[in-house]
Amino acid sequence: MPWPVHVEVMYDADTQHVPLLITVGINSEFRIQRPPRRTVDWAAYRSAMDAFSFDGQLTTPAEVESAASVITSAIKTAQEAATTIQEQKSHRREELPAHLRADLRRKRELQKLWARTRCPRVKRDLNRLAESLSAAVKELRGAAWDHVIDQAGENDTNLRTLCRQLSQAPAPVYPLLDSAGRRQYAASDRAEILAEHLEGQFTPNPAAADVSDHLEHVERAVEDLLRSPPPPLRGDEYVSPSELAWIVKHLPKKKAPGPDRVPTTALQQLPRRPLVALCRLFNGILRTRHIPPDWKLGKVIVLPKPGKDRRYPGSYRPITLLSHIAKLFERVLLRRLRPHVPYRAEQFGFRSEHSTTLQLVRVLHLMAFERNKGRLTVSVFLDIEKAFDRVWHAGLLYKLSLTSTPLAIVQTVASFLDERRFYVSVEDADSTPRKICAGVPQGSCLSPCLYAAYTDDIPTLAGTLTDGEQDVELALFADDSAYFASSRKVDLAVSKMQRLLDRLPEWLDKWRMAVNVGKTAAMLSGRYRAPARKLQLRGQAVEWRSSVKYLGVTIDRALTMSAQAVNSVNQAKAARAMLRPVLASRLPLRTKLGIFKTYVRSRLTYAAPAWYALCSTANRKRLQAQQNLTLRTIVGAGRYVRNDVIARDLKIESLEEFVVRLARRMYDRADNGPHEHLHDIAPTYDRPDNGRPYPRELLLLAPADEVAP
């Protein structure tokens, strides 16, 4: 059918049957046409931009806006003049040949005749025709697949496209339910529904009445801050052409353009004269503390969340596309802001030389260390609601003013956050622009730094501890927050954690943040098996769980990591099944091994340096078996060929050797890096024979000279 179809089971109908409601969107196209391919002659673009320049100092906001509009318009005009458009052919499967279509029509006629007459002769003719037709279609599809494989070659782009086509089937267009519960299929209606939902999401959390005096104090302080005339910028705070050229050179490539349709390549291809003009524009923005409004407009596209009902707008993840010229200035501003906003040691997100694996190493080492000492650990994993989208702007600016950040930079950040807007794009339709009243902008390089500054003072028990009492441990990675309290007695550990949870609401209310208690999880790890008393947060009970997923890794209370091993095996199985046509094809071995390392082994070894040492021998064998099965598929080996022979001939190290190599490189970089809190992270200690291993003990599984290069 050329229209989208949505099937819904009507469980609440008053009938003994199970009725189905099938909705056909006859006013909506099922297939989306591929956009035309654009080819840019960058030599002609540079020639057109070489004559562009403007003189004069930008001293007022109006002059800044005018200059920004002129530069953007010149870049777009030069790019469009150097662009040629080529229509792309659709990748729809070609129709069957005429003789096969005739056989299909004959087959349908025989099926109808057999249904009416039940004649054995008709049935015999039908079976023969169906068998021959099936073989012919299979042969035709096989020849088409061979052609696709031959065209793939070893080009990385072609291989990624081929693997994506096999592993990500195109989804039909689903309707969205509006506020009245009606299904909307039109692209414009769906765009407005999503925009309305996101507009409510980009608003600050309601203010608590008991901290109204604090909120009013922060608002007044920020108003006075923004009215204050800042001192002139120092000479080193202005942008130089050499600094801007270095930043442009290191811009990330292949990023989707924003509403102005200017890609990063257009900025990297700029000659010196327009680059100097951009430098003058950025200095004018720093001088006036005013960012042009056009730079604060974001284009939002949405991607469906896996396993969610696609009829509801909350089941989609928004992706914001911003102007690359604006993002270039944000990188300039970040270089002046970052030295004044230090990160606390527990924050492993948004930082160089830090990773989720290192944070997991720290967490698992802490839990294993306390368990081996005979102590119990109570862990609470917080779920902060819409952490990035609901940052209170006044509170953020107030916290920045308490740091050593220059006043001019704080006021520029205020202009960066003020009066931001967005619109949602669905297919070829755009919604009306909506305001953003809270949150740090998605897609901006400034947002991680601003969010880290906003949550830097998240509370612990410091200042309320008694003599000899240890503070709770805190683990942060972006908005993923976890607390850990340990003691030899379960009541003491729970009591310490409860004291922390009692302090947390005050901080949340003061800075207008919210925690979803229903999704917040608690776990008790150790040898204690009796149920502990419930923890309370805002008067609601925090659920005890036997395992918790943190930073993509499932941690169980016994620290056996069995659930994580099972998840890794299942993900590898799914990837291997979807990519089997490629792995078993005639592609070169080097190419198929690259696909194996990218799509299969990466799922088996995600964050493995943190949890692999805690796995049992049986689980390690299950993980290795998935690698063995994939390698056998690649070479088409028979059952009589040994797995170690295949790995030796392909020069593929075992999974354990690969994980050890990753761990050795990770620990070497952490121990020799510039961050002191990462030096000797998760050291090994003596432990009882039945104790849990430490993550760093993974390095003892294979000597350094035996690890494959």
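If you count by the UniProt record's numbering, then the sequence shown holds residues 1 to 709, one letter each, in order.
Glycine included, each C-beta is placed from N, C-alpha and C at the ideal position.
Given the structure is predicted, the values throughout are model-derived calculations rather than measurements.
Could you please give the first and the last residue of the uninterrupted alpha helix (DSSP H) stretch that includes residue i?
i, result
"residue 519", "Where residue 519 is concerned, there is no enclosing alpha helix (DSSP H), given that its DSSP letter is neither H nor E."
"residue 410", "407-417"
"residue 8", "Premise fails: residue 8 lies in the beta strand (DSSP E), 5-9, not in any alpha helix (DSSP H)."
"residue 447", "446-454"
"residue 295", "Segment: none, residue 295 is in no alpha helix (DSSP H) and carries neither H nor E."
"residue 71", "61-81"
"residue 115", "98-117"
"residue 285", "272-288"
"residue 265", "264-268"
"residue 332", "324-337"
By Cβ distance below 8 Å, which residues in the same chain neighbour residue i in space, the five residues on each side in sequence not counted?
i, result
"residue 614", "364, 368, 559, 560, 561, 692, 693 and 695"
"residue 312", "176 and 177"
"residue 283", "58, 238 and 239"
"residue 189", "176 and 178"
Please classify residue i: does DSSP put it in a helix, a strand, or coil?
i, result
"residue 739", "This structure gives no information on residue 739, because the portion of the chain shown stretches from 1 to 709."
"residue 401", "helix"
"residue 245", "helix"
"residue 224", "helix"
"residue 394", "helix"
"residue 684", "coil"
"residue 494", "helix"
"residue 196", "helix"
"residue 161", "helix"
"residue 487", "strand"
"residue 308", "coil"
"residue 239", "coil"
"residue 21", "strand"
"residue 467", "coil"
"residue 179", "coil"
"residue 549", "strand"
"residue 500", "helix"
"residue 30", "With a pLDDT of 48 at residue 30, under the threshold of 50, the modelled position of that residue is not reliable, and no figure is offered here."
Assuming residue i is part of the beta strand (DSSP E), what are its boundary residues?
i, result
"residue 473", "473-477"
"residue 357", "Careful: residue 357 lies outside any beta strand (DSSP E), inside the alpha helix (DSSP H) at 356-372."
"residue 54", "Where residue 54 is concerned, there is no enclosing beta strand (DSSP E), given that its DSSP letter is neither H nor E."
"residue 667", "Element bounds for residue 667: not the beta strand (DSSP E) but the alpha helix (DSSP H), 655-671."
"residue 257", "Element bounds for residue 257: n/a, residue is neither H nor E."
"residue 542", "540-544"
"residue 38", "37-40"
"residue 388", "Here residue 388 belongs to no beta strand (DSSP E), and DSSP marks it neither H nor E."
"residue 316", "316-321"
"residue 422", "420-426"
"residue 379", "376-382"
"residue 434", "434-436"
"residue 537", "535-537"
Identify, in the order they occur along the chain, each residue of the same chain with its Cβ nearer than 7 Å to the Cβ of residue i, setting aside the five sequence neighbours on each side.
i, result
"residue 307", "none"
"residue 346", "474, 475 and 476"
"residue 226", "411 and 414"
"residue 9", "18 and 20"
"residue 303", "316, 317 and 319"
"residue 359", "348, 475, 477 and 551"
"residue 269", "42, 45 and 46"
Once the 5 residues before and after residue i are set aside, which same chain residues still bring their CB inside 6 Å of it?
i, result
"residue 648", "none"
"residue 709", "Note that residue 709 has pLDDT 36, beneath the 50 cutoff, so the model's placement of it is unreliable and no number is given."
"residue 305", "315 and 317"
"residue 662", "609"
"residue 456", "344"
"residue 321", "256, 258 and 299"
"residue 251", "264"
"residue 195", "424, 431 and 434"
"residue 91", "For residue 91, the predicted structure reports a pLDDT of 49, less than 50, and the residue's modelled location is therefore unreliable. The matter cannot be settled from this model."
Should residue i be listed as close to the ligand GDP, given that the test is whether its C-beta is under 7 Å from any heavy atom?
i, result
"residue 495", "Summarising the ligand content, the structure contains no ligands, and the ligand GDP is consequently not present."
So residue i and residue j are supposed to be a Cβ contact under 8 Å. How far apart are they, rounded?
i, j, result
"residue 287", "residue 58", "7 Å"
"residue 391", "residue 451", "6 Å"
"residue 567", "residue 554", "6 Å"
"residue 682", "residue 361", "5 Å"
"residue 384", "residue 481", "7 Å"
"residue 100", "residue 133", "7 Å"
"residue 407", "residue 230", "4 Å"
"residue 542", "residue 380", "7 Å"
"residue 659", "residue 698", "7 Å"
Report the residue ranges of all beta strand (DSSP E) runs contained in full by the stretch 551-627; include only those spanning at least 3 residues, in chain order.
-> 553-556
Segments assigned alpha helix (DSSP H), at least 4 residues, entirely inside the stretch 624-649 = Here no run is fully enclosed.
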